[in-house]
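2 protein chains.
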Amino acid sequence: MVATAFHGEPEGTREELMHATYRALCEHGYADLTIERIGREFDKSVSLVYHHYDGKDELLVDFLGFLLEDFETAFAVEDGEDPRERLREALARVRSGPLDADDEGFASALTELRVQAVHDPAYREQFARTDRLFRERFAGIVRAGIDQGVFRDVDPEATADLLVTTINGAILQRVTTDRPVEPALEALEAAVRSWLLVDGVAES
Amino acid sequence: MVATAFHGEPEGTREELMHATYRALCEHGYADLTIERIGREFDKSVSLVYHHYDGKDELLVDFLGFLLEDFETAFAVEDGEDPRERLREALARVRSGPLDADDEGFASALTELRVQAVHDPAYREQFARTDRLFRERFAGIVRAGIDQGVFRDVDPEATADLLVTTINGAILQRVTTDRPVEPALEALEAAVRSWLLVDGVAES
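If you read the protein sequences in the order shown, they are chains A and B.
The first sequence begins at 22 in the working numbering and counts up one residue at a time.
The second sequence begins at 22 in the working numbering and counts up one residue at a time.
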């Protein structure tokens, strides 16, 4: 999911710059990232980067906005499908995206960016928006399941909050302790399904 | 829970230094913390700090070890009690500890320390040990519940992993997005209880 934005060929200068930022971030991490290093990954002149951004933080906040736009597409709501199936697919997409084992450099860098939000309101706003997007998408799935009578009448927002919180915790643990994320995510899915399904622990 | 270590009067030089580190960390955060600033909170000479530690990171890793010792006591296993009650109490202790609304400065600083673990093996080892302690305590409660026939035969380690992962995610979200932790933690408790309890969603 995270990575999808950077799979294809970039189109236009902004996308080229965002791909360059992604590569530089994966390679150097946040602390050692400089505009110069991003410039080295960028086919065009580094002065073009300075023309648009005052410093690396302004560029990185814009980069987070670019990621969010990608999430909005990748995590688009597909109405009509069985909500139990949609929930399973949404969790599978998280596992193959930000929690993909091949993308640890990026997960580490994203975590370092997230911690900038402790003191920097611009980062804070971006991560609050990203979390909100995922909460809304998960809450939409839960709400559809309740409407269709396949999920119990739980609080959709609280359920979505649990899902997003656990995913964020799994990313954090993975990059700070080497903890594999699968056991926690499998337990999350089992516990949430048990809580949601009107027929208890039975499969859909 | 986190805070209990710093509630009473410190006993001996090491505890005094740990309390001084706690106060300096809450006030300045990780990035602006210096041995001098810790020294200003410390009744004894700052040269005593330099005598024992090569720099702030060595002191902070020792500080994390001190916290872990405190968790080991505060989170001691109380055998004999009803596992359903023990699970509820353990989660309540987390809410009044690292997730206590009055302790946000410390939660922020701890999160900044945790992100040092992305690149620093000494921090990584400490946070891995802390997570492991909490996982073992939660798994012990789940195992007792299964043995006594009040919990379903789930994987105790995976359940504990879910609990610790969600708690870590809640701390992260709180200090990086202002997200209140209660909805996610209430959903966690409800989902885990629904998954564990042999009588489904009924209360103990």
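Even glycine gets a Cβ: it sits at the ideal position worked out from N, Cα and C.
Evaluate residue i with the Cβ neighbour count: other Cβ atoms within 10 Å of its Cβ, from every protein chain shown; 16 or more gives buried, anything less gives exposed.
i, result
"ASP64(A)", "exposed"
"ASP174(A)", "exposed"
"SER66(A)", "exposed"
"SER215(B)", "buried"
"VAL70(A)", "buried"
"GLY190(A)", "buried"
"VAL136(A)", "buried"
"GLN194(B)", "buried"
"GLY29(B)", "exposed"
"ARG145(B)", "buried"
Below 7 Å between beta carbons: does that hold for residue i and residue j?
i, j, result
"ARG150(B)", "LEU81(B)", "no"
"SER129(B)", "VAL196(B)", "yes"
"ALA41(A)", "GLU62(A)", "yes"
"LEU183(A)", "ALA111(B)", "no"
"PHE148(B)", "ALA160(B)", "no"
"LEU134(B)", "TYR43(B)", "no"
"VAL163(B)", "PRO142(B)", "no"
"ASP275(A)", "ALA26(A)", "As displayed, chain A neither begins before 22 nor continues past 225, which places residue 275(A) out of reach and without an answer."
"THR187(B)", "THR132(A)", "no"
"ALA211(A)", "ALA212(B)", "no"
"ARG105(B)", "VAL171(B)", "yes"
"ARG58(B)", "HIS49(B)", "yes"
"ASP78(A)", "THR198(B)", "no"
"PHE127(B)", "CYS47(B)", "yes"
"ALA208(A)", "ALA179(B)", "yes"
So who's on the other strand from residue i, going by DSSP bridges?
i, result
"LEU218(B)", "PHE172(B)"
Taking only three categories from DSSP, how would you classify residue i?
i, result
"ASP199(B)", "coil"
"GLU18(B)", "The requested residue 18(B) does not occur in the structure, where chain B is confined to residues 22 to 225."
"ASP152(B)", "helix"
"HIS140(A)", "coil"
"HIS72(A)", "helix"
"LYS77(B)", "helix"
"ALA211(A)", "helix"
"PHE96(B)", "coil"
"SER66(A)", "coil"
"ALA52(B)", "coil"
"GLY118(B)", "coil"
"HIS28(B)", "coil"
"GLU157(A)", "helix"
"ARG35(A)", "helix"
Is there at least one Cβ from chain D nearer than 7 Å to residue i's Cβ?
i, result
"PRO201(B)", "The structure shown has no chain D; the protein chains it does contain are A and B."
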